[in-house]
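A short write-up of the structure that comes next.
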Amino acid sequence: MTQPQIHQFPCLKDNYGVLVHDADGGVTLSIDAPDAAAVTRALDERGWRLTHILVTHHHADHTAGIAALKAETHCTVIGPRGEAQRIPCLDVAVGEPDVLPLGSVSVRVLDTPGHTIGHVTYWIEKAGVAFVGDTLFAMGCGRVLEGTAEMMWGSLVKIAALPGETLVYCGHEYTVSNAKFGISIEPENALLQQRLKDAEATRAAGAATLPTRIDLERETNVFLRVDRQDLRERLGLSSAPDWKVFADLRERKNRF
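Mapping the sequence shown onto numbering that gives the first Met the number 0, position 209 (from 1) lands on 208, and the numbers just tick up by one.
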């Protein structure tokens, strides 16, 4: 079995669309559908035919293109069970521990609520990739909009526990601003400082900073590093539960 081909492309203001093409199984998946025209253009450029849309959460910048793509391609729309009423044209509602056999690809569903109440992540273990929507970003994480900080922290822990070599595709290009915030919290982290320089150069060249990797995030994403005693002491939370340290960091990022 050949590995699926993955194509990431920018759309809207700072979103990314992603296509996953499994030639062996004859399927092409769109991870979310931020903009129908951008997805269609990406499909046409590669000669792929859309068969499924995998929706991470209900926000419009991830779902606005679904109706047009469904009408055009008759694709199957799959999305989180916890948000079924809020996702247009939904055909199949899923949640953990569902595993989706799509062509020759096996897609595992992880519940990762917090940003929204029913947010899910799609993990293709054999291909070593995860599509995390707006839960985890490169050196950052999503805002806690519908869930609780404790819920979001649990979701981040779940994603961070994936194999270190896993490539992570996120919903937005927020890497430079996330790195700057991280350095304000962990200024002595040399790898984090280097990642900021690399990200700035990458963006200046007009390229994407994504995907990222789980092992790299463990070393440079302050939201995943709340167990570090030096970081806790800097925040004045040396004995607080991990999720409360996370909540403090998220509030600081909101104001950054």
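By construction, the Cβ of each residue, glycine as well, lies at the ideal position given by its N, Cα and C atoms.
Same chain only: Cβ atoms within 8 Å of residue i, ignoring 5 sequence neighbours per side
i: R48; result: T27, L42, T72
i: V38; result: C10, G16, L18, S29, A32, L49, G64, L68
Same chain only: Cβ atoms within 6 Å of residue i, ignoring 5 sequence neighbours per side
i: A92; result: R80, A83
i: Q4; result: H20
i: F255; result: F180
i: R194; result: A178, T219
Three-state secondary structure (DSSP) of residue i
i: S176; result: helix
i: H171; result: strand
i: V225; result: coil
i: L84; result: The question names Leu, but residue 84 is Gln in the sequence shown. Three-state result, Q84: helix.
i: V244; result: helix
i: T267; result: Outside the shown range of the chain, which is 0 to 255, sits residue 267, and nothing can be said about it.
i: N253; result: helix
Paired residues, beta bridge with residue i - DSSP
i: A92; result: G78
i: W122; result: R107, A129
i: Q4; result: H20
i: H56; result: DSSP output for H56 lists no bridge partner at all.
i: L135; result: C140
i: H51; result: L28, T75
i: L166; result: V128, R212
i: N14; result: C10, H171
Close-in-space but distant-in-sequence residues of the same chain around residue i (CB under 7 Å, 5 per side omitted)
i: R85; result: H57
i: P33; result: C10, L11, N14, G16, D60, H61, A63, G64
Residue interval of the beta strand (DSSP E) (run including residue i)
i: T147; result: Where T147 is concerned, there is no enclosing beta strand (DSSP E), given that its DSSP letter is neither H nor E.
i: T27; result: 26-30
i: L101; result: 98-101
Residue range of the unbroken alpha helix (DSSP H) whose run includes residue i
i: L42; result: 35-45
i: L68; result: 65-72
i: A200; result: 189-203
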